[in-house]
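Numbered as in the working numbering, the sequence shown ends at 161 without a single skipped number.
Every residue, glycine too, gets a C-beta built ideally from N, C-alpha and C.
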Amino acid sequence: MTENDKGSQALATLTEALIGNFISGFRVGDWWCLYVGGYCLLAQEVVSADEPQLNQWYQTHYPPFADCVDKENISKTTVVAAHLRRIITEVALDNDYNLTLSFDNGRRLTLSTDTDIVDWQWALNETDNDPYISHIVACFGAGEISTTEDPE
10 MTENDKGSQA LATLTEALIG NFISGFRVGD WWCLYVGGYC LLAQEVVSAD
60 EPQLNQWYQT HYPPFADCVD KENISKTTVV AAHLRRIITE VALDNDYNLT
110 LSFDNGRRLT LSTDTDIVDW QWALNETDND PYISHIVACF GAGEISTTED
160 PE
């Protein structure tokens, strides 16, 4: 299977699984888990254009922000929570396989592929486990994607 075929298969699978569904819950720790329909959308990094503005607000108005260990998760958690129960209307993959979710309110979240020192970037599975244990679609690095339909 060519890389282009893998990307097309991955996008078709993601489209079928995610469009028309919504994030019903999430958790964050060593990685993100977004619960969407009967699936878990795992990510090392979630990115939104709203983060810089939120980080500035938290820095100015929320004193405990100065002592946070993972400051970046404060604004990211706010953004993800704001997308709860919003219908996913589009999914897109770019050449590096950054996964962008578009919602019915015109907003977007991106699961990026540029996190350093990890052995996977994002994945769709049903178990909330590491994608090496199980995955339906997984991006193991920028430009590197796998689906369960891939021949071994």
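Buried or exposed by the 16-neighbour rule on C-beta atoms within 10 Å, applied to residue i
i, result
"Asn-107", "buried"
"Ser-121", "buried"
"Pro-61", "exposed"
Identified DSSP bridge partners for residue i
i, result
"Ala-52", "Trp-41 and Trp-131"
"Phe-31", "Ile-96"
"Ile-154", "Cys-148"
Inter-residue Cα distance where the pair is residue i and residue j
i, j, result
"Asp-14", "Asn-134", "20 Å"
"Asp-123", "Leu-23", "20 Å"
"Thr-98", "Ile-83", "26 Å"
"Glu-81", "Gly-38", "12 Å"
"Glu-161", "Pro-73", "In this predicted model, Glu-161 has a pLDDT of only 44, less than 50, meaning its place in the structure is not dependable; the value taken from the coordinates is given anyway. Each residue's alpha carbon lies about 49 Å from the other."
"Ile-142", "Asn-64", "35 Å"
"Tyr-71", "Ala-151", "35 Å"
"Val-55", "Leu-118", "7 Å"
"His-144", "Ser-17", "17 Å"
"Thr-156", "Ala-101", "16 Å"
"Glu-12", "Phe-31", "29 Å"
"Gly-115", "Ala-132", "23 Å"
Element boundaries [alpha helix (DSSP H), containing residue i]
i, result
"Ile-83", "80 to 91"
"Pro-61", "60 to 70"
*At which residue ranges does the segment 95 to 122 contain complete beta strand (DSSP E) runs of 3 or more residues, listed in the order of the chain?*
97 to 102, 108 to 112 and 117 to 120
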